[in-house]
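Input: a single structure, listed below in structure tokens.
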Amino acid sequence: MVSEEMVSRDLSFPAGMRGDHALIIPFTTSGHFIPLLDLTRHLVLRGLTVTVVATSDTLPLLSPLISDHPSSVKALVLPLCLEATSGWNDLTSCTRTAIRDLGTLHGPIRDWIAGHHSPPSVIISDMFSGWAHRLAQEVGIKSILFSPSGAMALSVIFSLWRDMPRPPPADMEDTAFAFPEIPNQPEYPWWQLSGLFRAHREGDPVSEFIKEAFLANIQSWGVVVNSFSELEGAYIDHLMKMVGHGRVWAVGPLLPVEPIVSSGQRGGISSILVEDLVSWLDSCGDRTVLYVCFGSQARLAEEQTAALASALEKSGVNFVWVVREDQPTKVALESFKDRVAGRGLVIRGWAPQLPILNHPAVDAFLTHCGWNSIMEALVAGVPMLAWPMGADQFVNATLIADQLKVARRVSEGASAIPDSDKLARAIREFINWEDCPERVRADVMRRAAADTMGHGGSSSENFDKMVKHARNKSYIL
Ligand code: AWU
19 MVSEEMVSRD LSFPAGMRGD HALIIPFTTS GHFIPLLDLT RHLVLRGLTV TVVATSDTLP
79 LLSPLISDHP SSVKALVLPL CLEATSGWND LTSCTRTAIR DLGTLHGPIR DWIAGHHSPP
139 SVIISDMFSG WAHRLAQEVG IKSILFSPSG AMALSVIFSL WRDMPRPPPA DMEDTAFAFP
199 EIPNQPEYPW WQLSGLFRAH REGDPVSEFI KEAFLANIQS WGVVVNSFSE LEGAYIDHLM
259 KMVGHGRVWA VGPLLPVEPI VSSGQRGGIS SILVEDLVSW LDSCGDRTVL YVCFGSQARL
319 AEEQTAALAS ALEKSGVNFV WVVREDQPTK VALESFKDRV AGRGLVIRGW APQLPILNHP
379 AVDAFLTHCG WNSIMEALVA GVPMLAWPMG ADQFVNATLI ADQLKVARRV SEGASAIPDS
439 DKLARAIREF INWEDCPERV RADVMRRAAA DTMGHGGSSS ENFDKMVKHA RNKSYIL
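Each number in my numbering comes from the position in the sequence shown (counting from 1) with 18 added on.
Below, the structure written as structure tokens:
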């Protein structure tokens, strides 16, 4: 639990620490908050002191980091009550509201900086908190955009907000939108583009605020991406061209520095004891288990849950399936669990994803292609079955299935209801297939990911460069 002295009032950092103090402004959903906390931990390990803007909702996620580094990490808790998101249906509207509400912290943060005896020399803010770049300009310090999405996805996002393509007629959502200047010239139907972008309505105050925030992202002093050059080199280079400078640093994969197993509490309180989970996986043979999880936001509809349950049952494989606490399930999970007893483990709530992906029994990952899940699978060398649902996931699926070929597509879209026989067949074919091409390539990526974060690796060196630039007070803003 976070004690009173851990929460900043005027930050009792040693005086004269200016230039080594970074202000971190996250976004509140797990997929954004988790990687930025991992980045913050790496900043602290490189000697910076950090203040992390938190709300009552996010403070519990921050407390392990504060407990580990009480003299280097403080929380700036500001009063803000955010609406809880409940699934894709209203995810976009909740995200829009959360971005707007977080933007109201601009003034209080500016006042905090003005009154601070050792103010930060840099603000590092999440892609959804682009308003912070204007704040940084007001107080005369550098601002760095943190992208929890990959470089290819960020390239598409930047293109959309820069060029503002007009929506097609309402009944033509399959109209293709091309991005000819992005490497490999990707193109997507309108409905697969960012929901946040598609919700833009000219003249609407929230829409205009969000658009300004994304344009500020493009104009930020620097960009940090949770990716690595061996994975997305061409897209990282493209981002440098888009922003017009070289201060684009790929520093991923961002993962906790502590031992994988202890990270059972990463991003949430696990609904299952990690020890019980590990012993269940130990009881399965190596490379015999399919892990099924669709991130922290997606909730399947009842028909989708039923189709997936049927496919898992028919496939005959071992599986770990994460079903969100608030996910409606007409499928009587109890009788389903009885029928698959011994080979199927259903985790209702929050799962310790890292210990699962890194267990030798886990052979493949049925994922929605959220970027953190992709990075975690690649670090573990686990090939994926791709079911992109929204946000940047269609772009991510292009990268991992069509270009890197470390994944196979099995479904597409937040409302898709997969054919359970076809899905069962795809799962059965994929599991425990000795020289499955995707697994071979996933192992290549595993080694590349380990090298890049290791001493002398490109991401490790990029991180050092980013910190050096951020500390350097002589930079012209
Ligand atoms: P992930 O990025 O996989 O998925 P979302 O939560 O959907 O995050 C953006 O964040 C993505 O690019 C978007 O596509 C959007 C969003 N986790 C866990 O530990 N246990 C669980 O039961 C469920 C999730 C962790 C998981 C990962 C994160 C989810 C950046 O998808 O390990 O770190 O939560 O992030």
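Even for Gly, the Cβ is constructed at its ideal location relative to N, Cα and C.
Taking the C-alpha atoms as reference points, what is the distance between residue i and residue j?
| i | j | result |
| --- | --- | --- |
| residue 267 | residue 243 | 6 Å |
| residue 98 | residue 143 | 17 Å |
| residue 194 | residue 207 | 4 Å |
| residue 413 | residue 135 | 44 Å |
| residue 201 | residue 261 | 16 Å |
| residue 477 | residue 216 | 33 Å |
| residue 394 | residue 250 | 15 Å |
| residue 468 | residue 453 | 22 Å |
| residue 153 | residue 213 | 26 Å |
| residue 486 | residue 111 | 38 Å |
| residue 419 | residue 426 | 5 Å |
| residue 48 | residue 283 | 12 Å |
| residue 224 | residue 169 | 26 Å |
| residue 113 | residue 130 | 26 Å |
| residue 264 | residue 484 | 11 Å |
| residue 337 | residue 365 | 11 Å |
| residue 128 | residue 157 | 7 Å |
Is residue i helix, strand or coil by DSSP?
| i | result |
| --- | --- |
| residue 312 | coil |
| residue 487 | helix |
| residue 195 | strand |
| residue 207 | strand |
| residue 414 | helix |
| residue 125 | helix |
| residue 402 | strand |
| residue 92 | strand |
| residue 56 | helix |
| residue 62 | helix |
| residue 384 | strand |
| residue 481 | helix |
| residue 332 | helix |
| residue 427 | strand |
Quick one: give me the first and last residue of the beta strand (DSSP E) that residue i is part of.
| i | result |
| --- | --- |
| residue 160 | 160–165 |
| residue 298 | First-last for residue 298: 292–300, but that is the alpha helix (DSSP H), not the beta strand (DSSP E). |
| residue 355 | That residue, residue 355, is in no beta strand (DSSP E); its alpha helix (DSSP H) goes 351–357. |
| residue 189 | Premise fails: residue 189 is in no beta strand (DSSP E) and is neither H nor E. |
| residue 144 | 140–144 |
| residue 41 | 39–43 |
| residue 365 | 362–366 |
| residue 68 | 67–72 |
| residue 268 | 266–268 |
Start and end of the alpha helix (DSSP H) containing residue i?
| i | result |
| --- | --- |
| residue 394 | 389–398 |
| residue 171 | 169–181 |
| residue 229 | 223–236 |
| residue 470 | 455–471 |
With a threshold of 8 Å (Cβ to nearest heavy atom), would residue i be considered close to the ligand MG?
| i | result |
| --- | --- |
| residue 155 | Absence of the ligand MG is noted for the structure shown, with the ligand AWU being the only ligands found. |
Relative to the C-alpha of residue i, which candidate in the options has its C-alpha closest?
| i | options | result |
| --- | --- | --- |
| residue 273 | 358, 263, 285, 455 | 285 |
| residue 239 | 110, 150, 376 | 150 |
| residue 179 | 167, 203, 235, 400 | 235 |
| residue 325 | 354, 298, 473 | 354 |
| residue 167 | 85, 254, 73 | 254 |
| residue 73 | 43, 56, 59 | 43 |
| residue 323 | 460, 289, 434 | 434 |
| residue 446 | 473, 421, 329 | 329 |
| residue 505 | 233, 400, 305 | Not covered by the structure: residue 505. The range shown for the chain is 19 to 495. |
| residue 86 | 94, 66, 108, 59 | 59 |
| residue 241 | 304, 205, 173, 327 | 173 |
Worksheet item: Do the stretch 298–316 and the stretch 335–342 meet, that is, are 3 or more Cβ pairs less than 8 Å apart?
Response: Taking a contact to require three or more Cβ pairs closer than 8 Å, the stretch 298–316 and the stretch 335–342 qualify as touching.
Worksheet item: Using 8 Å as the threshold, is the stretch 181–190 in touch with the stretch 67–78, meaning 3 or more CB pairs across them?
Response: Pairwise C-beta distances place the stretch 181–190 out of contact with the stretch 67–78, as fewer than three of them are shorter than 8 Å.
Worksheet item: Is the stretch 401–421 touching the stretch 371–391 in the sense that three or more CB pairs, one from each, lie closer than 8 Å?
Response: Because the criterion of three Cβ pairs below 8 Å is met, the stretch 371–391 and the stretch 401–421 touch.
Worksheet item: Three or more beta-carbon pairs under 8 Å between the stretch 345–364 and the stretch 453–464, yes or no?
Response: The stretch 345–364, when compared against the stretch 453–464, does not touch it at the 8 Å Cβ threshold.
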